[in-house]
Amino acid sequence: MPEYTTQFNLPKSLANENVSLAAHNSLVEAIDTNIGNALAEHKADYVYQTAGGTATAITLTNVILEDGHPKTFIASANNNGAATTINNKPLYKPNTTDTPSLVTGKAYTIWYDEIGDCFFIKASGEGTAVVSHVLAGDTFTNDNGTYTGTMPNRAGETAALSSAVSGTTLKLLASEGYRDGVDDKVTITDADFVAANIKAGVSIFGVTGMLPEPLGSIIGSYEVTDNTIETGDLVKFINEKASPVSATYQVSNTVVNSAYSQAISAVLIDDYKILVSYVEQLSSYTMKVVVLTITGLTVTVGTPVTTSVAYCLGTSLAKLDTNKAVLLYFTQPNNYYVYARVITVSGTTPTLNTALNLYTDGTYMASSLSLRLIDTNKLICSWAYNTTVATCTLSCTDTTLTNGTIFNSATDGYQGGTTLSILSTTKALLIYESFVSTTYYIRAKVLTVSDTSISGGTAVNIDTHTASFNILDRGSLPLDSSRVIFAYKDVSNSNYGTAVILSISDTNIIVNTSVVFESSMTVQDLAIALFDTNVVRVTYGYTSKTILFIINNVTISVGTASTYTTNSTSMEILIKMQSAKYFVVIRNDSSNNGYLTVSDITFIKKGEGVAVNGGTIGQTITCYDWR
Numbered sequence: 029m030p031e032y033t034t035q036f037n038l039p040k041s042l043a044n045e046n047v048s049l050a051a052h053n054s055l056v057e058a059i060d061t062n063i064g065n066a067l068a069e070h071k072a073d074y075v076y077q078t079a080g081g082t083a084t085a086i087t088l089t090n091v092i093l094e095d096g097h098p099k100t101f102i103a104s105a106n107n108n109g110a111a112t113t114i115n116n117k118p119l120y121k122p123n124t125t126d127t128p129s130l131v132t133g134k135a136y137t138i139w140y141d142e143i144g145d146c147f148f149i150k151a152s153g154e155g156t157a158v159v160s161h162v163l164a165g166d167t168f169t170n171d172n173g174t175y176t177g178t179m180p181n182r183a184g185e186t187a188a189l190s191s192a193v194s195g196t197t198l199k200l201l202a203s204e205g206y207r208d209g210v211d212d213k214v215t216i217t218d219a220d221f222v223a224a225n226i227k228a229g230v231s232i233f234g235v236t237g238m239l240p241e242p243l244g245s246i247i248g249s250y251e252v253t254d255n256t257i258e259t260g261d262l263v264k265f266i267n268e269k270a271s272p273v274s275a276t277y278q279v280s281n282t283v284v285n286s287a288y289s290q291a292i293s294a295v296l297i298d299d300y301k302i303l304v305s306y307v308e309q310l311s312s313y314t315m316k317v318v319v320l321t322i323t324g325l326t327v328t329v330g331t332p333v334t335t336s337v338a339y340c341l342g343t344s345l346a347k348l349d350t351n352k353a354v355l356l357y358f359t360q361p362n363n364y365y366v367y368a369r370v371i372t373v374s375g376t377t378p379t380l381n382t383a384l385n386l387y388t389d390g391t392y393m394a395s396s397l398s399l400r401l402i403d404t405n406k407l408i409c410s411w412a413y414n415t416t417v418a419t420c421t422l423s424c425t426d427t428t429l430t431n432g433t434i435f436n437s438a439t440d441g442y443q444g445g446t447t448l449s450i451l452s453t454t455k456a457l458l459i460y461e462s463f464v465s466t467t468y469y470i471r472a473k474v475l476t477v478s479d480t481s482i483s484g485g486t487a488v489n490i491d492t493h494t495a496s497f498n499i500l501d502r503g504s505l506p507l508d509s510s511r512v513i514f515a516y517k518d519v520s521n522s523n524y525g526t527a528v529i530l531s532i533s534d535t536n537i538i539v540n541t542s543v544v545f546e547s548s549m550t551v552q553d554l555a556i557a558l559f560d561t562n563v564v565r566v567t568y569g570y571t572s573k574t575i576l577f578i579i580n581n582v583t584i585s586v587g588t589a590s591t592y593t594t595n596s597t598s599m600e601i602l603i604k605m606q607s608a609k610y611f612v613v614i615r616n617d618s619s620n621n622g623y624l625t626v627s628d629i630t631f632i633k634k635g636e637g638v639a640v641n642g643g644t645i646g647q648t649i650t651c652y653d654w655r
């Protein structure tokens, strides 16, 4: 009996056997056939077979159920991760009982696990990440293939989508995206989140407040104790009774320009910066501008910018926004022409832009300027020449000014001064000096303003005399849309300081009863500013004094004047800073060679309120309570 080979079952030759040619050829043929069949089967293993059956019950041919034996196939349907079998045996991810996701048209390699009697899929890209989970530009794979991420990179600062407050917590909603935790910040901006709006001594999110208790926050009635209290006096409250506090000031004086300075104007640009224009007399009346930074009682003077404008005799400033103002001025060499130009402020550096020539007649001297912002990027200005008061509007685009038609709003004028008060975006009050025959008048009229015209109502007389009153640009102040307070030197009454409220309805004006606020000296110069609702502060010279007015409808209650500096003052500008107890006077210091000086003033004693009306011991008075 012959023996046979293990693999192909071929007959082996016997030791004593004579092999015939036919037997030899038969053996060779058997070898060829068996090797060919084995090779064909092996080649078949490398062909990617398209799966039969269904998405979750797959059938494959030529699958060898031997431990670790592989098979590659092409999925014919998506199984969406549902439980799946191959030839009735479960299909799992490696070393798990989790079903892999199969996608139509993709090739998968599996192997048989004899112990588990199942198929495992060969490890490949997998996971649940989608493009929005991966940083933009980076690639990744998952069960479904290779993809490029779309997640935005939010490195740096990004604005919050929204915000909410929960108790003492401010919650910011961040935009979708990647943040590396190094320099990424989610921000929210609020223009009111500044130290000036936070109570002094309180820190909110790292900003320490500078705002004292607001003037007039509470109004109450209190019995007077200790001493007589005058209207406008600072008071303190002891056992809920009002006691006077002397109005003592702490003053810091800083010289801005060590030369005689005149034609001063100033405007508060932001909470801490003041833009000042002035004329230096000793250098051919050259106009200069400078930025002052006020921090408490510290005044930092920027570098003055000397303009090419010589023989400038008058200036008036009006703020446009926190880095821009408009300057109105007139010069002598060009027959007293009137000009306007935008000043931009970057940090503490002012830049003067191209000048616009407003008044080019030149026959008569122009003077007595006033400039006010009446609407967004729209201003109104006035000046006097010969017997006329001219007015016109200015429009600002970036740093370019254009003017409207110039109107002769008063033909009974005089070069003794003009001042404007804005009532609304279409109305302004013009106060001016008039000269008729031998008499000087202070007159007022309502101006109705449009884009193309300025018309004036009927003028009313405020005061009369045989000498010029010298009206000041900074002497009038709107209390609201129907009331304007006006302070002036009354030459008809010993040059006493006088104030009056004008009531306005449409174009009609009522001149209410005036009050004298200074009768012990000649009032040479003055400035007025609104410090709170119905609370007005006035500063005036020669002797440098300040006083509070309490306004009740059309009645002015006058407080007690206090001297804030022993030096004499003229040509002053009064600016309220962040609170009613903190103000700045920019002035010509007559006692120091007329140098341009800043007096930074605050109360040295902290009052707890201010008296609305006065009274003696035992009487009941009304007070603004700051506590």
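Mapped onto our numbering, the consecutive letters of the sequence shown carry residue numbers 29 to 655. Quick reminder that beta carbons are idealized off the backbone N, C-alpha and C, glycines included.
CA nearest to the CA of residue i, picked from the options
{"i": "L401", "options": "I257, S585, I450 and T282", "result": "I450"}
{"i": "T644", "options": "I114, S203, T259 and G195", "result": "T259"}
{"i": "A486", "options": "A495, T480, H493 and T476", "result": "Here the sequence assigns Thr to residue 486, which means Ala is not the residue at that position. The shortest C-alpha separation from T486 is found at T476."}
{"i": "S548", "options": "T84, A58, F514 and T571", "result": "T571"}
{"i": "I513", "options": "T492, V539 and P122", "result": "V539"}
{"i": "P506", "options": "T343, I490 and I532", "result": "I532"}
{"i": "G432", "options": "L407, V613, N381 and I537", "result": "L407"}
{"i": "P98", "options": "I149, G133, Y652 and S520", "result": "I149"}
{"i": "V307", "options": "Y288, V612 and T331", "result": "Y288"}
{"i": "T89", "options": "T100, G96 and A83", "result": "T100"}
{"i": "M605", "options": "S249, D560 and T454", "result": "D560"}
{"i": "E546", "options": "Y568, F358 and C409", "result": "Y568"}
{"i": "A418", "options": "S437, E94 and A527", "result": "S437"}
{"i": "R369", "options": "V337, M393, F577 and T391", "result": "V337"}
{"i": "T196", "options": "G205, I232, R207 and A202", "result": "I232"}
{"i": "D508", "options": "K517, A527 and N581", "result": "N581"}
{"i": "M179", "options": "K301, Y592 and A157", "result": "A157"}
Buried or exposed by the 16-neighbour rule on C-beta atoms within 10 Å, applied to residue i
{"i": "K19", "result": "Given a span of 29 to 655 for the chain in the structure shown, any question on residue 19 remains unanswerable."}
{"i": "I601", "result": "buried"}
{"i": "Q278", "result": "exposed"}
{"i": "Y76", "result": "exposed"}
{"i": "S465", "result": "exposed"}
{"i": "L397", "result": "buried"}
{"i": "S293", "result": "buried"}
{"i": "V640", "result": "buried"}
{"i": "S190", "result": "exposed"}
{"i": "V442", "result": "According to the sequence provided, residue 442 is Tyr. The question's Val does not apply to it. Buried: at least 16 other Cβ atoms inside 10 Å."}
{"i": "A111", "result": "exposed"}
{"i": "P95", "result": "Reading off the sequence, residue 95 comes out as Asp, not Pro. Its Cβ having fewer than 16 others within 10 Å, D95 is exposed."}
{"i": "G244", "result": "Reliability of the predicted coordinates at G244 is poor, the pLDDT of 47 falling under 50, and the value obtained from them is presented with this limitation in mind. Buried: at least 16 other Cβ atoms inside 10 Å."}
{"i": "T359", "result": "buried"}
{"i": "V551", "result": "buried"}
{"i": "S478", "result": "exposed"}
Residue i in three-state terms, based on DSSP
{"i": "I266", "result": "strand"}
{"i": "L243", "result": "Caution applies to L243, whose pLDDT of 48 falls short of 50 and renders its modelled position unreliable; the model cannot decide the point."}
{"i": "Q647", "result": "coil"}
{"i": "Q552", "result": "coil"}
{"i": "N580", "result": "strand"}
{"i": "A418", "result": "strand"}
{"i": "T61", "result": "helix"}
{"i": "D534", "result": "coil"}
{"i": "L88", "result": "coil"}
{"i": "L49", "result": "helix"}
{"i": "V304", "result": "strand"}
Beta-carbon separation (whole angstroms), residue i vs residue j, contact threshold 8 Å
{"i": "I575", "j": "V586", "result": "7 Å"}
{"i": "V319", "j": "T253", "result": "V319 to T253, Cβ: 47 Å. No contact."}
{"i": "A291", "j": "T343", "result": "5 Å"}
{"i": "V373", "j": "N405", "result": "Contact doesn't hold; Cβ gap of about 16 Å is too wide."}
{"i": "V295", "j": "I614", "result": "Wrong, their Cβ atoms sit about 10 Å apart, outside the cutoff."}
{"i": "Y365", "j": "N385", "result": "6 Å"}
{"i": "D628", "j": "V327", "result": "5 Å"}
{"i": "S520", "j": "D553", "result": "Not confirmed; about 18 Å, so no contact."}
{"i": "T132", "j": "S104", "result": "6 Å"}
{"i": "I537", "j": "A472", "result": "6 Å"}
{"i": "V354", "j": "T335", "result": "Going by Cβ atoms, the distance from V354 to T335 rounds to 15 Å, so no, they are not a contact pair."}
Residue i beta carbon near the ligand ADP (any heavy atom closer than 7 Å)
{"i": "F463", "result": "This structure simply doesn't include the ligand ADP, nor any ligand for that matter."}
Segments of 3+ residues assigned as beta strand (DSSP E) that fall wholly inside the region 335–393: Entirely contained in the region 335–393, the beta strand (DSSP E) runs reaching 3 residues are, in chain order, 340–349, 352–359, 366–374, 377–380 and 384–387.
Just to confirm the assignment: which complete beta strand (DSSP E) runs, minimum length 3, are found wholly within the region 123–175? Taking only runs of at least 3 residues, the beta strand (DSSP E) segments lying wholly in the region 123–175 are 135–141, 146–149 and 167–170.
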